[in-house]
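Working notes for the structure below.
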Amino acid sequence: MSSHITAPRGTQDILPPISARWLALERRIHDLARRFGYGEIRTPIFESTELFVRGVGETTDIVEKEMYTFLDKGERSITLRPEFTAPVMRAALEHKLFAQGPQRWYYVGPIFRYERPQKGRYRQAHQFGVECTGFVGPEADFEVISLAWELVRSHGIDDAVLNINTIGDDECRPRYRESLLAHFRPHLDALSPDSQRRLERNPLRILDSKDDRDRPFVETAPTFESILCDGCRAHFGALRAYLDAANIPYVVNPKIVRGLDYYTRTVFEIISGALGAQSTVCGGGRYDGLVSSLGGPATPAVGFALGIERFLMMLDALHGDAVAPRAGVQAIALGAQARGVLVPLATELRRILAQPVFMDYEDRKLLAHLKAADRNNARYALILGSDELAAGEVVLRDLEARTDRRIPLGRAGDLAAALGEEQG
RNA sequence: GUGAUUGUAGCUCAGCUGGUUAGAGCGCCUGACUGUGACUCAGGAGGUCGCCGGUUCGAACCCGGUCAGUCACCCCA
Numbered sequence: 004m005s006s007h008i009t010a011p012r013g014t015q016d017i018l019p020p021i022s023a024r025w026l027a028l029e030r031r032i033h034d035l036a037r038r039f040g041y042g043e044i045r046t047p048i049f050e051s052t053e054l055f056v057r058g059v060g061e062t063t064d065i066v067e068k069e070m071y072t073f074l075d076k077g078e079r080s081i082t083l084r085p086e087f088t089a090p091v092m093r094a095a096l097e098h099k100l101f102a103q104g105p106q107r108w109y110y111v112g113p114i115f116r117y118e119r120p121q122k123g124r125y126r127q128a129h130q131f132g133v134e135c136t137g138f139v140g141p142e143a144d145f146e147v148i149s150l151a152w153e154l155v156r157s158h159g160i161d162d163a164v165l166n167i168n169t170i171g172d173d174e175c176r177p178r179y180r181e182s183l184l185a186h187f188r189p190h191l192d193a194l195s196p197d198s199q200r201r202l203e204r205n206p207l208r209i210l211d212s213k214d215d216r217d218r219p220f221v222e223t224a225p226t227f228e229s230i231l232c233d234g235c236r237a238h239f240g241a242l243r244a245y246l247d248a249a250n251i252p253y254v255v256n257p258k259i260v261r262g263l264d265y266y267t268r269t270v271f272e273i274i275s276g277a278l279g280a281q282s283t284v285c286g287g288g289r290y291d292g293l294v295s296s297l298g299g300p301a302t303p304a305v306g307f308a309l310g311i312e313r314f315l316m317m318l319d320a321l322h323g324d325a326v327a328p329r330a331g332v333q334a335i336a337l338g339a340q341a342r343g344v345l346v347p348l349a350t351e352l353r354r355i356l357a358q359p360v361f362m363d364y365e366d367r368k369l370l371a372h373l374k375a376a377d378r379n380n381a382r383y384a385l386i387l388g389s390d391e392l393a394a395g396e397v398v399l400r401d402l403e404a405r406t407d408r409r410i411p412l413g414r415a416g417d418l419a420a421a422l423g424e425e426q427g
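Okay, so the first sequence: first residue is 4 according to the numbering used here, each after it adds one.
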């Protein structure tokens, strides 16, 4: 078994029938994005390592320890993309798209992070996300959040909660950071080892600590609310007003921080209890400083990324036991002569019918063919044996109603019509 | 990277304090029924017990290592 080659750790093969659920979700994603006026962007799966170091932030965990980085044969440092936002902005800069005003893109595809796999966490994961650039106002934040929420809402997922927060901008975030440092530093020795490490790196993250040792100091820590600058305060207030007006439920959660360096002002997550410890299915926010830090024009932007695997886990938890309705036709030929007639007929039916047409080609008993029809979850069996051949007919069996009818073995169109009638 | 836990048939799992030929259910194949499917019944195929090494007369079982799955920490989608 393990002497055979297996899929690399943290990756998975997506096989039928599960792959059909991926396809269904992807279709809804494409449709949703189109309705919001977003165009699909596809970027390379690998990029220059430098892009992520500058874009994501060199002290982030993603860049420090989670990237798939290697030298190619030309000695270039290459990295499998660990996220989409930096590549999308790189592409936009490369093609001078910001010169054309506000832009809206979405993407669907794999990302790669070298992590220990666990529930909802893989080394190759898939994300759907959007980026909206060129708008400084809260309307863009609202648009992006409502797009994400619409995907959740339209699937009837009821245990998902939208969490929003603001983490300030260049003006007030440094002030808040300083006040947190001033608050925690005197208690450094009493903090958990994790939080001691977080203090200089990203003190905001201490607020989200699960360690009891940190709790008393977290509770007395200054709130961002008290330090927020007027601009950020107004932006956040306006966003909340839009969400209220749209009846999108949310909670303000000061612990939502986000681990990537590029976020400013609005951050949000959609969280579900169906996901175990990796409870975030969708995370995003505003990143007004990223484009200029990549050497482009000062360009405000908002976006999010949504984990496809995690989203499908939520759908599983919601209605994992749903049975698919029977659909399609199992074409059954008994004997070589019947097969010679039925094979071309099946091909014609495939041209005409929207339903799938299944067919096995072995010389097997009728019983075995009908079992195959059950496995394929077919609604009908189209049976052609020597009797039917002699009579110039086929038997159309409704596998659900368990009824037979004989239909003249003529044009495929007549058959399709018969099937169409039966399908209502 | 840290910790816990689990690897036996396609799937879900038994397998006693080590004992020689490793089992069950489901699924699959064949037949009872030249040709009528979720039901019966009878046969059959399918396993280097994750892998490597050690201990032992003897290892699925004990020990070490390794790989992988699962879960949590960290972090994130």
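Quick reminder that beta carbons are idealized off the backbone N, C-alpha and C, glycines included.
Opposing strand residues paired with asparagine 168 [DSSP bridges]: Val270
Rounded Cβ spacing between leucine 83 and phenylalanine 115 (contact assumed at less than 8 Å): 4 Å
For isoleucine 21, is the classification buried or exposed, using 16 other Cβ atoms within 10 angstroms of its Cβ as the cut-off for buried? exposed
Beta-bridge pairing of valine 111 - partner residues as DSSP gives them: Phe131.
Quick one: what's got a C-beta closer than 7 Å to cysteine 175's C-beta in the same chain, skipping five residues either side? Ile230, Leu231, Cys232 and Cys235
What residue range does the alpha helix (DSSP H) around isoleucine 311 cover? 311-322
How should isoleucine 170 be labelled, buried or exposed, when 16 other C-beta atoms within 10 angstroms of its C-beta is the threshold for buried? buried
Would you check if the distance between the CB atom of isoleucine 273 and the CB atom of valine 164 is smaller than 9 Å? yes
Neighbour-count burial assignment, glutamate 312, 16 or more Cβ in a 10 Å radius: buried
Compute the Euclidean distance between the alpha carbons of leucine 385 and histidine 372, then round it to the nearest angstrom. 10 Å
Exposed or buried, which one is glycine 159 when buried takes at least 16 other CB atoms within 10 Å? exposed
Could you tell me the boundaries of the alpha helix (DSSP H) in which glutamate 181 lies? 176-187
If distances are taken between C-alpha atoms only, which option among Ile259, Val155 and Thr226 comes closest to phenylalanine 314? Val155
Cβ atoms of arginine 216 and arginine 208: under 9 Å apart, would you say? Arginine 216 sits away from arginine 208, with the two beta carbons spaced by 9 Å or more.
Within 9 Å, strictly: CB atoms of leucine 387 and leucine 352: No, these two residues do not count as a Cβ contact at 9 Å.
Nearest-angstrom Cα separation, counted from phenylalanine 55 out to arginine 289: 18 Å
I think leucine 242 touches phenylalanine 145, with their Cβ atoms under 8 Å apart; what is that distance to the nearest whole Å? 6 Å
Three-way DSSP call (helix, strand, coil) for methionine 4 in this model: A caution first: methionine 4 carries a pLDDT of 37, below 50, which makes its placement in the model unreliable, though a value can still be read off. Three-state DSSP puts methionine 4 in coil, outside helix and strand.
Which first and last residues belong to the alpha helix (DSSP H) in which methionine 92 is found? 88-97
With 16 other CB atoms within 10 Å as the buried threshold, where does asparagine 250 fall? Counting Cβ neighbours within 10 Å, asparagine 250 comes out exposed, since fewer than 16 surround it.
In the structure shown, what three-state DSSP assignment does glycine 298 receive? coil
Rounded to whole angstroms, what is the Cα-Cα separation between lysine 374 and alanine 248? 55 Å
Tell me, which residues are paired with aspartate 407 by DSSP? In DSSP, aspartate 407 forms a bridge with Arg400.
Look at phenylalanine 49 and valine 147 and say whether their C-beta atoms are less than 9 Å apart. no
Unbroken beta strand (DSSP E) run spanning leucine 334, endpoints: Looking at the sequence shown, residue 334 is not leucine but alanine. Residues 332-336.
Given proline 47, which residues of its chain have a CB within under 8 Å of its CB, disregarding the five upstream and five downstream residues? Arg84 and Pro90
If we count Cβ pairs, one from each stretch, closer than 8 Å, do we get three or more for the stretch 71-79 versus the stretch 279-294? no
Helix, strand or coil: which one does DSSP assign to tyrosine 265? In the structure shown, tyrosine 265 sits in coil (DSSP, three-state: anything other than H, G, I, E or B).
Report yes if the C-beta distance between phenylalanine 271 and asparagine 166 is below 9 Å; otherwise report no. yes
Nearest to proline 300 by alpha carbon, out of Arg409, Phe220, Thr9 and Thr136? Thr136
So alanine 393 and valine 360 are in contact, right, with Cβ under 8 Å, and what is the actual spacing, rounded? In fact, because the Cβ distance is near 24 Å, the residues do not count as touching under 8 Å.
Three-state secondary structure (DSSP) of glycine 74: Looking at the sequence provided, one finds leucine at residue 74 rather than glycine. Strand at leucine 74.
Could you tell me the distance, in whole angstroms, from the CA atom of alanine 349 to the CA atom of serine 295? 59 Å
Confirm, please, whether the CB-CB distance from phenylalanine 101 to tyrosine 179 is below 9 Å. no
Would you mind working out which of Ala320, Asp291, Leu356 and Pro120 sits nearest alanine 415, comparing C-alpha positions? Measuring from the Cα of alanine 415, the nearest candidate turns out to be Leu356.
Look up glycine 427 in the DSSP assignment and say whether it is helix, strand or coil. With a pLDDT of 44 at glycine 427, under the threshold of 50, the predicted position of this residue should be treated as unreliable, though the coordinate-derived value follows. Coil, per DSSP.
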